[in-house]
Amino acid sequence: MIFNIYSNDANQKYKKAYFASGCFWCVESIYENLKGVKEVNSGYSGGKTTNPTYRQVMSGRTGHAEAIEVIYNPSEITFKTLVNVFFGSHDPTTLNKQGPDRGTQYRSIAFYENPIEKEIIENTISELLFNKTYYKITTEVMKFKEFYLAEKYHQDYKKKNPYNPYILNVSAPRINKFKIDYSELLK
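Throughout, the numbering used here is defined as the position within the sequence shown, counted from one, plus 121.
Laid out in structure tokens, this is it:
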């Protein structure tokens, strides 16, 4: 799906992509650093509860994972590159956890909206396993249904709370490693 969003150039076209790979504070910051990414929003996806709250998602009973919505310019960055960043910026071998975070709400999910995106994700997984980058991958490949925006205080959390202990001890090291590994993609 390509659509227009508010910008200085009314003809500029953007697409959306959705990923879940642990705490959305960190994942949001990773994708915001990419050339071609206009905006990233934190939220919830992959579950059954309509309009969930953070507290509900953290209970593990909604089926949702902390997820991000990436609004990007496909003429500047491809869906394949976004998928490569997804697999390269978290541990897709751990089931229902990332770093110190545990529970289904932190599971790894690559969402697709059409057969081409599904094929890109599945081919990337096959390549990573064939090349022995990972010995197994527990990432769910899931048809995108709905994204629920997280509460306002979760948006741009790292930028607004740079000295939060979680940000300093968990998010910052993950983001810094990403910046080293993917320096050619940074704004």
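No residue lacks a Cβ here, since even glycine has one placed at the ideal position from N, Cα and C.
Assigned secondary structure, residue i (DSSP; H/G/I helix, E/B strand, else coil)
i, result
"residue 172", "coil"
"residue 212", "coil"
"residue 222", "strand"
"residue 163", "strand"
"residue 232", "strand"
"residue 265", "coil"
"residue 271", "coil"
"residue 139", "strand"
"residue 192", "strand"
"residue 177", "helix"
"residue 283", "coil"
"residue 260", "coil"
"residue 144", "coil"
"residue 297", "helix"
"residue 240", "helix"
"residue 197", "coil"
"residue 255", "coil"
Sequence-distant residues of the same chain with beta carbon closer than 8 Å to residue i, five excluded per side
i, result
"residue 287", "144, 146"
"residue 297", "none"
"residue 225", "181, 184, 186, 217"
Chain-order list of residues whose beta-carbon lies under 7 Å from that of residue i (same chain, five-residue window excluded)
i, result
"residue 198", "155, 156, 157, 158"
"residue 268", "139, 164, 166, 188, 190"
"residue 243", "262"
Residue i to residue j span [Cα, whole Å]
i, j, result
"residue 169", "residue 177", "12 Å"
"residue 261", "residue 208", "12 Å"
"residue 292", "residue 237", "31 Å"
"residue 223", "residue 272", "21 Å"
"residue 280", "residue 230", "25 Å"
"residue 220", "residue 266", "27 Å"
"residue 136", "residue 303", "21 Å"
"residue 152", "residue 161", "7 Å"
"residue 142", "residue 196", "25 Å"
"residue 204", "residue 241", "8 Å"
"residue 283", "residue 289", "7 Å"
"residue 150", "residue 235", "26 Å"
"residue 246", "residue 172", "31 Å"
"residue 179", "residue 252", "35 Å"
"residue 201", "residue 174", "31 Å"
According to DSSP, residues forming a beta bridge with residue i
i, result
"residue 309", "Here the chain has residues from 122 to 308 only, and residue 309 is not among them."
"residue 247", "BP columns for residue 247 are empty, so no partner."
"residue 155", "307"
Contact with chain B by residue i, beta-carbon distance below 8 Å
i, result
"residue 242", "Looking for chain B here will not work: only one protein chain is present."
Close-in-space but distant-in-sequence residues of the same chain around residue i (CB under 6 Å, 5 per side omitted)
i, result
"residue 278", "146"
"residue 232", "139, 263, 265"
"residue 228", "186, 217"
At least 3 beta-carbon pairs within less than 8 Å: the region 245 to 261 vs the region 201 to 218: By the Cβ test, the region 245 to 261 is in contact with the region 201 to 218, since at least three Cβ pairs between them sit closer than 8 Å.
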